[in-house]
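Asker:
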Amino acid sequence: AQSVAQPEDQVNVAEGNPLTVKCTYSVSGNPYLFWYVQYPNRGLQFLLKYITGDNLVKGSYGFEAEFNKSQTSFHLKKPSALVSDSALYFCAALVLNTGFQKLVFGTGTRLLVSP
Amino acid sequence: DAGVIQSPRHEVTEMGQEVTLRCKPISGHDYLFWYRQTMMRGLELLIYFNNNVPIDDSGMPEDRFSAKMPNASFSTLKIQPSEPRDSAVYFCASSRSGSDKNIQYFGAGTRLSVL
Chain A
1 AQSVAQPEDQ VNVAEGNPLT VKCTYSVSGN PYLFWYVQYP NRGLQFLLKY
51 ITGDNLVKGS YGFEAEFNKS QTSFHLKKPS ALVSDSALYF CAALVLNTGF
101 QKLVFGTGTR LLVSP
Chain B
116 DAGVIQSPRH EVTEMGQEVT LRCKPISGHD YLFWYRQTMM RGLELLIYFN
166 NNVPIDDSGM PEDRFSAKMP NASFSTLKIQ PSEPRDSAVY FCASSRSGSD
216 KNIQYFGAGT RLSVL
C-alpha cells in the first residue's frame, strides 16, 4: 500500500539548534511530496513541496526539506529552531488510489522547541 | 482573502442526532476536500469535489455520512444519525486547478463531540 511514515511521535530540540523531522514514503512512480504544519486549534498550513528537480527544497519560515530517492526519504530541516516552530508537522505524498489522486498524510510529528 | 471558513468551530451533540458541518472554500478554488482527524487514525480524506461534483467518496465511512456542494462557495458534511465514534476534528480544505492543485488550504476545523 502506498503510504507515508513519520517514525518519531515527538522531536525535542533547544532553540537555536538545528532540527530534523523525519519522513519516509512508499509510493508508485515519481513521488510528489509535501510538508504541512499544524498549530494548536488551527488547520494545516502548507510549508513546502517536492515535485521534481533539486533535491533540496526551500519553503516557508526558513524550513527546507531534502529529498533522497535511494532512501525514500523526505526529511524536514531547519538550521536554527525557534520556540515558535513548536507545532505538529505532517509529511504527505500524492498517491493514485482507485483511479484518483489524493494526498496521504503521515501520522504527524510533534516538534517541541525549548527556550 | 479570509481563507477556508468552517462552522461551527465546536459541536457537542447526543448520539442519534443529526449533525451538519459547513464549509466555505477560498474564492476561485475549484477543489474541496473533507478530512477527519483522530488520534487513532490520523488525518483521513473522506471525500473531495471538483467543480461542485463529488469525485472520490471512497473515504466516507458509511451511509450515515453524506456530503454536498450545491455551489462553488458552500459545502456541507452531514452525519445522521451521529454516534460517539464519530467524535473527531473535521477539516475542510480547498485548492485551485493548475500547477498548485495539490497545495491545499485548510480551515480551522470543527471539533465534534458525540455523547
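Protein sequences, first through last, are from chains A and B.
Numbering-wise, my numbering puts 99 at position 99 of the first sequence, and it's gapless, one number per residue.
For any residue, its number in my numbering is found by taking its place in the second sequence, counting from 1, and adding 115.
Ideal Cβ placement from N, Cα and C applies to all residues, glycine included.
Keep in mind it's a predicted model, so treat the numbers as computed, not measured.
So, does the CB of L161(B) fall closer than 8 Å to a CB anywhere in chain A?
Answerer: Not closer than 8 Å to any Cβ of chain A, the Cβ of L161(B) fails to qualify, so no.
Asker: Throw me the rounded Cβ distance for the F67(A) and L33(A) pair, which I believe falls under 8 Å.
Answerer: Sure, about 7 Å apart at Cβ, within 8 Å.
Asker: Roughly how many whole angstroms lie between the Cα atoms of L48(A) and L56(A)?
Answerer: Spanning the two alpha carbons is a distance of roughly 11 Å.
Asker: Which residues mark the beginning and the end of the beta strand (DSSP E) in which Y39(A) is found?
Answerer: Where Y39(A) is concerned, there is no enclosing beta strand (DSSP E), given that its DSSP letter is neither H nor E.
Asker: For P199(B), name the three-state secondary structure that DSSP assigns.
Answerer: Residue state, collapsed to three classes: helix.
Asker: Could you tell me which chain B residues have their CB closer than 8 Å to the CB of K49(A), listed as they occur along the chain?
Answerer: Simply N217, I218.
Asker: Under DSSP, the beta strand (DSSP E) around G157(B) begins and ends at which residues?
Answerer: 157–165 is the span of the beta strand (DSSP E), which, as asked, contains G157(B).
Asker: What are the residues of the stretch 22–39 of chain A that lie near chain B, defined by any Cβ-Cβ distance shorter than 9 Å?
Answerer: The stretch 22–39 of chain A vs chain B, Cβ under 9 Å: Y32, F34, Y36, Q38.
Asker: Could you tell me which of G53(A), K78(A), V21(A) sits nearest to P7(A), measuring between CA atoms?
Answerer: P7(A) has its Cα closest to that of V21(A), out of G53(A), K78(A), V21(A).
Asker: Starting from M184(B) and walking both ways along the beta strand (DSSP E), at which residues does that stretch end?
Answerer: Its beta strand (DSSP E) spans residues 180–186.
Asker: Does the beta carbon of L68(A) come closer than 8 Å to any beta carbon on chain B?
Answerer: Note that residue 68(A) is Asn in the sequence shown, not Leu. Not an interface residue.
Asker: Determine the contact status of S197(B) and G131(B), defining contact as a CB-CB distance below 8 Å.
Answerer: The answer is yes: Cβ separation under 8 Å.
Asker: What is the residue span of the beta strand (DSSP E) that V4(A) lies within?
Answerer: Per DSSP, V4(A) belongs to the beta strand (DSSP E) from 3–5.
Asker: Do A208(B) and F221(B) count as a contact pair if the criterion is CB distance below 8 Å?
Answerer: Contact: yes.
Asker: In terms of residue numbering, what span does the beta strand (DSSP E) encompassing E64(A) cover?
Answerer: Element bounds for E64(A): 64–68.
Asker: For D172(B), name the three-state secondary structure that DSSP assigns.
Answerer: Looking at D172(B) - three-state DSSP - the assignment turns out to be coil, as it is neither helix nor strand.
Asker: Could you give the DSSP three-state label for S84(A): helix, strand or coil?
Answerer: The answer is helix: DSSP assigns S84(A) an H, G or I state.
Asker: Residues of chain B with CB under 8 Å from K102(A), in chain order?
Answerer: Those within 8 Å of K102(A) in chain B are L160, Y163, D171.
Asker: Please report the residue range of the beta strand (DSSP E) in which H144(B) lies.
Answerer: First-last for H144(B): undefined, no H or E at that position.
Asker: Out of S28(A), Y39(A), F46(A), C23(A), state which residue places its alpha-carbon closest to the alpha-carbon of D85(A).
Answerer: The shortest C-alpha separation from D85(A) is found at Y39(A).
Asker: Could you tell me whether the stretch 106–115 of chain A touches the stretch 167–186 of chain B, using the rule of 3 or more Cβ pairs below 8 Å?
Answerer: Output reads no: the stretch 167–186 of chain B does not touch the stretch 106–115 of chain A.
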